[in-house]
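Engineer: Residue numbers for the sequence shown, in our numbering: 199 to 448.
Glycine included, C-beta positions come from ideal geometry on N, C-alpha and C.
Every value quoted in this text rests on a predicted model; they were computed, and no experiment measured them.
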Amino acid sequence: MDKKGAVYLVGSGPGGLNLMTCRAREVMDMAEVILYDQLPGEEILSCLPAHAEKVDVGKYGGHHTREQDEIEQLMISYAKQGRQVVRLKGGDPFLFGRGGEELETLRAHNIPVEIVPGVTSAIAVPASVGIPVTHRKYASQVTILTGNEDPAKEESAIDWDWLAKSRGTIVILMGVKNLGKIAKYLMDHGMDPATPVAVIERGLRPDQRETIGTLETIPGLAKERSVRPPAVIVIGGVVSLYSSEHVVSR
Ligand code: SAH
């Protein structure tokens with residue numbers, strides 16, 4: 199009988215090998231093909247198993263090397279050849295990064311799929327500097343959103359007006375480019391300019407860096423310090439618990 203191919207949508211965690219799950223390591227060890235992009239980071243990418251065929255499906259220097267459709271077609275064709283295919287993704291495969299769409303396409307083609315959850319940057323990166331996304335004293339709810347949309351855009355997929363009035367923690371991924379617009383929008387819609395904000399670049403990697411300010415000061419600080427993606431932005435009272443001491447092992 200022909201060997202049956204399968205696709206594993208694997209979360210690599212925020213960056214270090216120590217925060218990859220045991221299942222992710224197991225699946226990587228048996229993978230025949232690994233489709234990856236740059237988000238998992240240097241430490242993980244430099245340890246991809248030698249025996250597997252490795253395909254970079256990420257973005258280089260801002261231009262797409264491969265479009266999403268093409269990535270999905272690649273997964274399908276490798277799996278149909280009977281191969282064990284890993285699609286390696288930073289953090290958790292179902293938090294942004296289009297894992298949900300990939301699952302739908304694979305199901306539509308009757309390809310066996312396993313999801314390997316990962317430690318998401320949205321929670322682990324703030325944790326690395328002592329910021330819990332919830333805390334009884336500061337926030338009993340947390341909203342995780344993508345910042346790659348200009349909040350002033352009409353018909354935004356995000357309810358920015360609600361967010362500006364919500365009392366929970368706001369965690370923004372992919373928000374570096376629009377940080378100034380987001381901060382302004384939230385203040386214009388009623389959020390206190392003194393609300394603490396943390397921007398954590400390359401969290402849980404050797405060159406992690408934090409920029410701490412308020413809604414009012416953070417755009418200027420980020421500019422001054424040339425903040426770059428990947429970074430997690432945290433807005434809310436929990437940021438007052440920030441400590442420069444790292445409390446998650448890297
Ligand atoms: N699935 C991923 C998120 C993918 S979206 C997860 O669960 O973490 C990509 C965004 O994630 C980046 O733009 C950045 O905002 C964030 N990100 C991922 N890894 C990060 C890291 N190690 N440090 C800071 N931000 C990170």
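Could you spell out where the beta strand (DSSP E) holding A396 opens and where it closes?
Structural biologist: From DSSP, the beta strand (DSSP E) with A396 extends over P394 to E399.
Engineer: Does any residue of chain C have a CB that is nearer than 8 Å to the CB of E353?
Structural biologist: Given the protein chain composition of this structure (a single chain), no chain C is represented.
Engineer: Following a CB-centred definition, is S338 positioned closer than 7 Å to any heavy atom of the ligand SAH?
Structural biologist: No, Cβ of S338 sits at least 7 Å from all heavy atoms of the ligand SAH.
Engineer: Within 8 Å, do at least three Cβ pairs link the region 276-285 to the region 204-219?
Structural biologist: As far as the Cβ criterion goes, the region 204-219 touches the region 276-285, which means the pair count is three or higher.
Engineer: Look at the alpha carbon of H387 and the alpha carbon of G295, and state the distance between them as a whole number of angstroms.
Structural biologist: Cα to Cα, H387 sits roughly 29 Å from G295.
Engineer: Tell me whether D290 is buried or exposed, calling it buried when 16 or more other Cβ atoms sit within 10 Å of its Cβ.
Structural biologist: Classification of D290: buried, given that the 10 Å Cβ count is 16 or more.
Engineer: Run through the DSSP bridge pairs and tell me what Q271 is partnered with.
Structural biologist: Bridge partners of Q271: none, in fact.
Engineer: What is the C-beta distance between G213 and G401, in whole angstroms, given that I count them as a contact (C-beta under 8 Å)?
Structural biologist: G213 to G401, Cβ: 7 Å. Contact.
Engineer: Measuring straight from C-alpha to C-alpha, what distance separates L384 and F292?
Structural biologist: In a straight line, the C-alpha of L384 is about 27 Å away from that of F292.
Engineer: Please state whether DSSP places E224 in a helix, a strand or coil.
Structural biologist: Helix, per DSSP.
Engineer: Could you check if V445 is buried or exposed, using at least 16 other CB atoms within 10 Å of its CB as the buried criterion?
Structural biologist: Exposed.
Engineer: Quick check on the burial criterion: 16 or more other C-beta atoms within 10 angstroms. Buried or exposed for Q282?
Structural biologist: Counting Cβ neighbours within 10 Å, Q282 comes out buried, since at least 16 surround it.
Engineer: Verify the contact flag: V323, CB atom, against every heavy atom of the ligand SAH, threshold strictly below 7 Å.
Structural biologist: V323 Cβ: within cutoff of the ligand SAH.
Engineer: Just mark G418 as buried or exposed, buried being the case when its beta carbon has 16 or more other beta carbons within 10 Å.
Structural biologist: Its Cβ having fewer than 16 others within 10 Å, G418 is exposed.
Engineer: Sort T412, E399 and P404 by Cα distance to K382 and report the nearest one.
Structural biologist: When each option's Cα is compared against that of K382, the closest is T412.
Engineer: Quick check on the DSSP output: the alpha helix (DSSP H) that includes R285 runs from which residue to which?
Structural biologist: Counting along the chain, R285 falls outside any alpha helix (DSSP H), though it belongs to the beta strand (DSSP E) covering Q282 to K287.
Engineer: May I have the straight-line CA-CA distance separating E414 from E422, to the nearest angstrom?
Structural biologist: C-alpha separation (whole angstroms): 14 Å.
Engineer: Should R403 be counted as a contact of the ligand SAH given a C-beta to heavy atom distance under 7 Å?
Structural biologist: It does: the Cβ of R403 is within 7 Å (strictly closer) of some heavy atom of the ligand SAH.
Engineer: At what residues does the beta strand (DSSP E) containing R407 begin and finish?
Structural biologist: Unbroken beta strand (DSSP E) run through R407: R407 to T412.
Engineer: Please classify D235 as buried or exposed, where buried requires at least 16 other C-beta atoms within 10 Å of its C-beta.
Structural biologist: Buried.
Engineer: Sort out for me which residues DSSP pairs V369 with in a bridge.
Structural biologist: In DSSP, V369 forms a bridge with I342 and V432.
Engineer: Using 7 Å as the cut-off, classify the Cβ of E408 as near or not near the heavy atoms of the ligand SAH, replying yes or no.
Structural biologist: Checking every heavy atom of the ligand SAH against the Cβ of E408, none is found closer than 7 Å.
Engineer: Between the alpha carbons of A229 and P310, how many angstroms are there, rounded?
Structural biologist: Going from the Cα of A229 to the Cα of P310 covers about 14 Å.
Engineer: Give me the Cβ distance between P324 and A392, rounded to the nearest whole Å; I'm assuming they're in contact under 8 Å.
Structural biologist: Contact doesn't hold; Cβ gap of about 19 Å is too wide.
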